[in-house]
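Written out below as structure tokens is the structure these notes cover.
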Amino acid sequence: MSIIKQGLAALAAGALGLTLAQPAAAAPVKFDFWFGLSGDLARVVDTLCKNFNASQSDYEAVCTSQGNYDATLQNTIAAFRAGKQPTVVQVYDVGTATMMLSGAYYPADKLMEENGYKIDYSDYFPGIARYYATSKGEMLSFPFNSSTALMYWNK
268 MSIIKQGLAA LAAGALGLTL AQPAAAAPVK FDFWFGLSGD LARVVDTLCK
318 NFNASQSDYE AVCTSQGNYD ATLQNTIAAF RAGKQPTVVQ VYDVGTATMM
368 LSGAYYPADK LMEENGYKID YSDYFPGIAR YYATSKGEML SFPFNSSTAL
418 MYWNK
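Position one of the sequence shown corresponds to residue 268 (our numbering), numbered consecutively onward.
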């Protein structure tokens, strides 16, 4: 199972833990996933969400683009303060510190551990992982789509 699918499954399991017990034939547990991408990248995330929903019947990700990274941060913190936050949010690397300072987060490594998942930190490039962790190594969130600047030189 890919790390993204494991992460979504753990987050969905966390969402399940926050709901009342469901009868055996109940509809899937819905959870909101907000992301800060638009255009082609938003279409890719929409496809990932549709594939996740089609791959199992226990959970349904309701995926909503917030337009861009800054709007996602502002909307998420405002929703948290109003008690109406989404279950899962995609925040850019540097935005992790903003989420931490606002108190509008639940540490990713704690959530994964509580739901029986073990994070293999060797799956992440150290430079990328540090953006998502405290100075003590506690993962506050985990990479979803890290960008790398490249320069091509055609001699």
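Yeah, the Cβ is synthetic: ideal placement off N, Cα and C, and Gly gets one too. From a predicted model like this one, the values you see are computed outputs, not experimental measurements.
Item to check | Contact set for R348: own chain, Cβ-Cβ below 8 Å, skip 5 residues either direction | outcome: A371
Checklist entry - Would M367 pass as a contact of L407 if the rule is Cβ separation under 9 Å? => result yes
Item to check | Spatially closest choice to G404 from F411, N412, Y391, A416, by CA coordinates | outcome: Y391
Next on the checklist: Suppose you measure from the CA of N421 to the CA of N412; what does that come to, to the nearest Å?
Outcome noted: 27 Å
Item to check | Distance between Q323 and A288 (C-alpha atoms, nearest Å) | outcome: Low confidence applies to A288: its pLDDT is 49, below 50, so where it sits in the model is not reliable, and the reading given next is rough at best. In a straight line, the C-alpha of A288 is about 19 Å away from that of Q323.
Checklist entry - What first and last residue would you give for the alpha helix (DSSP H) that runs through V311? => result 306-322
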